[in-house]
Amino acid sequence: MAHASTSHSDQPELAMEVGIQDVRMAMEACGVLYPEETFMDQEFTGVEDTRGVDEFVAWATGPSSKEIRRIAFEGGDGSKDDYLTVNEIE
């Protein structure tokens, strides 16, 4: 997804400055967010179609991704040591 984010960036040479729009477009390109109404349809109705984002947030914060969150956040509060912070015993 990092490559897709830089591909959608206005200035790919500034890859470290990827904005939220770039990430959203990359998520759409990778299939994480399903297709929404076209921009023209959204302009016509005057309502932004956020169904894809809403469904992703519901999944990411819901029970089906609980194990993913546990693994991703383990070490933040639970484990105090990792390979970067552990001191060598001589």
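In this note's numbering, the protein residues as written are 22 to 111. Glycine residues also receive a C-beta, built at the ideal position from the N, C-alpha and C atoms.
Taking just the CA atoms, how far does residue j sit from residue i?
{"i": "T82", "j": "M61", "result": "31 Å"}
{"i": "A93", "j": "A47", "result": "21 Å"}
{"i": "T66", "j": "G40", "result": "26 Å"}
{"i": "E64", "j": "E38", "result": "28 Å"}
{"i": "A79", "j": "E95", "result": "21 Å"}
{"i": "R91", "j": "P84", "result": "11 Å"}
According to the Cβ coordinates, are residue i and residue j closer than 8 Å?
{"i": "E57", "j": "D70", "result": "yes"}
Pick from the options: whose alpha carbon is nearest that of residue i?
{"i": "R45", "options": "F77, G67, E64 and V68", "result": "F77"}
{"i": "E49", "options": "R90, R72 and E64", "result": "R72"}
{"i": "T59", "options": "R90, E38 and V68", "result": "V68"}
With a threshold of 7 Å (Cβ to nearest heavy atom), would residue i be considered close to the ligand NAD?
{"i": "V68", "result": "Among the components of this structure there are no ligands whatsoever, and the ligand NAD is therefore not found."}
Among residues of its own chain, excluding the 5 on either side of residue i, which ones have a beta-carbon nearer than 6 Å to its beta-carbon?
{"i": "Q42", "result": "none"}
{"i": "Y55", "result": "G73"}
Enumerate in chain order the residues of its own chain whose CB-to-CB distance from residue i is below 8 Å, with the five nearest sequence positions on each side excluded.
{"i": "G52", "result": "none"}
{"i": "S86", "result": "W80"}
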